[in-house]
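Residue numbers (the numbering used here): 5 to 249.
Reviewing the structure listed below.
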């Protein structure tokens, strides 16, 4: 399989915003997909990354940093799991997503942990293996429910998969928002899904939060959604007038 070009780790400390054409086609917005990965084994503390909408934000990505809460190099199995995790990340930096996937799979086989499963989900996603990405991220969340990144990426997979599930995407984005309430990408993606599902008032609130937290392009969506809400109100008023006459 041909190698894929991915941003270097130096670019991923807080992540990148990328345009996703498939999501735009489906939702008319740009979704932010956060690709956060894990690069080492002691103490994994995942911090918010992600992804939907005429602007689905392509999640910020971090690399998880540990396989177990208290991994030690003296444990041969943990050491091998860490080695595979780090080699997988090196492969991903080189653009070899398939090679990275195999190494993350090996790491997860040795030590079933949230970090390896999270990174494995990222490789499945880039290889368009959405069902597998969903399963990997679901398992990662089962092991580490507090990862806003994993919930956000899972929402992305539910949106872009062949059988789109905006209801499940919304569920996981709401959890991600509760875990990281000031994250602008999560607010933006949540707004995009709410708008796509017709919940305009709620979408407007989230777009405003997203802009407040730093996503400038949310201003366009604030204007568009405000216009839609006004249009709905005017139509409702006209209909009420007709029914009275």
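Cβ atoms here follow ideal geometry from the backbone N, Cα and C, with glycine treated the same way.
Just so we're clear, the structure is a prediction, and the values are computed from it rather than from any experiment.
Asked, Found
"DSSP three-state assignment for residue 103, whether helix, strand or coil", "helix"
"Beta-carbon contacts of residue 142 that lie in its chain and below 7 angstroms, excluding the five residues immediately before and after", "158"
"For residue 185, three-class secondary structure by DSSP", "coil"
"Given residue 202 as reference, the closest of 232, 166, 105 once Cα atoms are compared", "232"
"Residue span of the alpha helix (DSSP H) that contains residue 123, given as start and end", "118-130"
"Start-to-end residues for the alpha helix (DSSP H) that takes in residue 133", "Where residue 133 is concerned, there is no enclosing alpha helix (DSSP H), given that its DSSP letter is neither H nor E."
"Cβ neighbours of residue 188 in the same chain (closer than 6 angstroms, five flanking residues each side left out)", "214, 217, 218, 219"
"Range of the contiguous alpha helix (DSSP H) that encloses residue 93", "80-98"
"Proximal residues to residue 222 (C-beta, below 7 angstroms), its chain only, five neighbours per side dropped", "192, 211, 214, 215"
"Cβ neighbours of residue 239 in the same chain (closer than 8 angstroms, five flanking residues each side left out)", "none"
"Three-state class that DSSP yields for residue 203 in the structure shown", "coil"
"Whole-angstrom distance between residue 177 and residue 229, CA atom to CA atom", "19 angstroms"
"C-alpha distance - residue 62 paired with residue 168, whole-angstrom precision", "For residue 62, the pLDDT reaches just 40, beneath the cut-off of 50, and the residue's location in the model is therefore unreliable, although a value from the coordinates is still provided. Going by the C-alpha atoms only, they are around 17 angstroms apart."
"Pair within 8 angstroms by beta-carbon distance, residue 118 and residue 129", "no"
"Helix, strand or coil at residue 242 [DSSP, three-state]", "helix"
"Straight-line gap, residue 197 to residue 153 (C-alpha atoms, nearest Å)", "17 angstroms"
"Beta-carbon proximity check, residue 134 vs residue 120, cutoff 8 angstroms", "no"
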